[in-house]
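Okay, structure first, notes after.
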Amino acid sequence: MSQKQRVNFGSRLGVLAAAAGSAIGLGNIWRFPYELGQNGGFAFLIVYLLCALMIGWPLMLSEFTLGRMGQSNVAGSFRAITHVKHWQWIGVMGVCCALLIMGFYSVVCGWTLEYIYQAVTDGFSGKTPADLSLAFTAFSSDTVRPVLWMLLFLFVNCFIVLAGVQKGIERSAKMLMPFLFLILIVLCVRSVTLPGGMEGLKFLFAPDFSKITPKVVLSAMGQAFFSLSLGMGCMVTYGSYISKQANLERTALEVTGLDTLMAILCAITIFPAVFAMGINPSQGPELVFITLPTVFNQMPGGYIWAILFFLLLSIAALTSTISLLEVITAYISEELKWSRKVTAIIVSIVIALLGVACSLSMGVWGEFRVFGLNLFDLFDKFTSYILMPLGGIGISLFMGWHLDRKRLEQELSNEGTLKLKYIKVYVFLLKYVTPLAILLVFINQIVGLF
């Protein structure tokens with residue numbers, strides 16, 4: 008490995024903003040509120056918090072540690088730490104995962120820009136839920152508009168990554184993340200002050216432990232894992248940019264906490280408003296592109312809240328995709344010795360081509376199927392059902408079982424200058440609880456396909 012000094016994030020705030028930005032994505036907004044509201048409220052929240060601490064935090068800390076120890080891209084970090092070469096394929100798998108996710112996720116990101124435009128031009132006004140559903144189907148299956156919005160979104164991503172770690176990724180995260188939380192807090196206040204909003208809030212957080220079944224626990228485990236951008240190289244790559252003086256134990260805990268706070272605030276934003284308007288809650292694209300525009304139609308000054316919400320959505324999507332693009336760019340530029348700028352542009356072009364294919368698979372290419380899935384759904388299922396869980400399990404096994412315990416403690420303690428408060432708990436969770444939990448999520452998802 009080259010001994011050239013690696014670029015670091017310039018500040019602790021920059022690390023938190025970038026890592027939290029990577030973790031906070033559309034899943035926090037369109038899945039967690041539904042899970043919380045339908046699966047026992049406060050009871051589900053307790054289960055989720057336990058899962059975040061027992062699965063999310065140990066794995067995030069491991070990815071940060073792996074990256075900082077290796078001082079390289081996600082595959083190069085494995086090679087820098089061990090002479091057993093086959094471990095690097097976990098990193099390569101993470102790069103492939105990031106590339107495929109960008110292929111379909113960038114399409115959804117483009118949708119958020121279209122809906123900002125619709126909100127600004129008052130395009131939701133007077134439309135019934137059926138109208139909004141038809142409009143979304145017509146738009147998502149269109150040949151041109153989704154592709155143009157996706158290309159615009161990718162251009163912004165590429166521009167930020169081209170600027171580098173400090174001037175691009177860190178600077179944008181430090182500007183976007185406070186703005187994101189500000190918008191979210193404003194929307195929270197508006198939601199709970201709607202007539203009936205407080206009743207919705209009470210319903211959302213009313214503890215119902217009778218709903219906590221093994222299936223719900225598995226759902227909480229999956230949400231805790233997928234919500235934190237784990238298993239696809241993002242936190243390993245960002246970890247390689249973290250200063251050797253930073254407290255990784257604390258940083259991983261803070262990022263996990265910020266992601267959880269964001270998810271809870273999203274639930275407070277969405278569920279009381281949906282409840283107040285007497286609309287059945289949903290999840291996924293249906294929630295944000297059909298259900299919520301229906302809610303905004305019924306709210307006084309709804310177009311303003313629609314603009315803020317879809318702006319929130321696009322920022323959350325942007326901060327996540329920046330980290331995914333960085334994973335691929337760092338890997339290719341370092342492995343092939345290409346310049347960062349050339350690599351970022353080439354990778355963005357490849358992603359754009361994948362995105363076009365995924366977008367067209369929702370419309371004119373809809374008849375092309377693999378295992379009964381169009382390309383959009385195939386990329387989604389293959390990454391979330393297979394690549395991400397396998398990546399998470401692989402990193403857990405490498406850091407928990409293969410890496411020497413003394414080397415691990417030396418890195419976490421910053422060469423003995425920090426007192427490790429939770430090292431015994433961390434190692435136990437990493438070796439036994441985290442990989443087993445992710446394996447259960449993996450098996451549950453695979454079984455659910457049949």
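First residue of the sequence shown: 8, per this note's numbering; consecutive thereafter. By construction, the Cβ of each residue, glycine as well, lies at the ideal position given by its N, Cα and C atoms. Values in this document were obtained by computation on a predicted structure and should not be read as measured data.
G34 and A323 have their alpha carbons spaced roughly 10 Å apart.
DSSP, reduced to helix, strand and coil, places L456 outside both helices and strands of the structure shown, so it counts as coil. V377 has L380 as its beta-bridge partners, per DSSP.
For S321, the uninterrupted alpha helix (DSSP H) segment begins and ends at 309–343. Take G291, set aside five residues on each side of it, and the residues of its chain with a beta-carbon closer than 6 Å to its own are W37, in chain order.
Rounded to whole angstroms, the Cβ separation of Y248 and F16 is 5 Å, and the two are in contact under 8 Å. Per the coordinates, the alpha-carbon of T276 lies some 8 Å from the alpha-carbon of R197.
The three-state reading of DSSP puts F186 in helix, counting H, G and I together. Bounds of the alpha helix (DSSP H) holding F166 are 152–169.
The segment 219–226 makes no contact with the segment 291–302, as fewer than three CB pairs between them are under 8 Å.
Within the same chain, L436, V440 come within 6 Å of M61 by CB-CB distance, once the 5 residues on both sides are set aside. With a cut-off of 8 Å on Cβ pairs, the segment 149–163 is in contact with the segment 107–126, counting three or more such pairs. In the displayed model, S234 falls within coil according to three-state DSSP, outside both helix and strand. Exclusion of the five residues before and after M109 leaves L331, I358 as the residues of its chain whose Cβ lies within less than 6 Å of its Cβ. Shown here, F131 sits in coil according to DSSP, grouped into three states, outside any helix or strand. When DSSP states are grouped into helix, strand and coil, T298 belongs to the helix group. Straight-line spacing of the CA atoms in F232 and E42 works out to 14 Å. The continuous alpha helix (DSSP H) containing Y245 extends over residues 241–246.
In the DSSP annotation of this structure, the continuous segment of the alpha helix (DSSP H) that includes D266 starts and ends at 255–283. Rounded to the nearest angstrom, the gap between the Cα atoms of T336 and E206 is 47 Å. Here A145 is exposed. Its C-beta has fewer than 16 other C-beta atoms within 10 Å. Taking all protein chains in view, the Cβ of R414 is surrounded by fewer than 16 other Cβ atoms within 10 Å, so the residue is classified as exposed. Judged by their CB atoms, V334 and V81 are nearer to each other than the 8 Å cut-off. Secondary structure of W94 (DSSP, three-state): helix. Annotation: N46 to D215 spans about 8 Å, alpha carbon to alpha carbon.
When P136, L397, T258, L106 are compared, the shortest CA-CA separation from V281 is found for P136. The beta carbon of A50 is closer than 6 Å to those of P214, D215, F216, I219 in its chain, skipping five residues each way along the sequence. Going by beta carbons, S147 and M369 fall inside the 8 Å limit.
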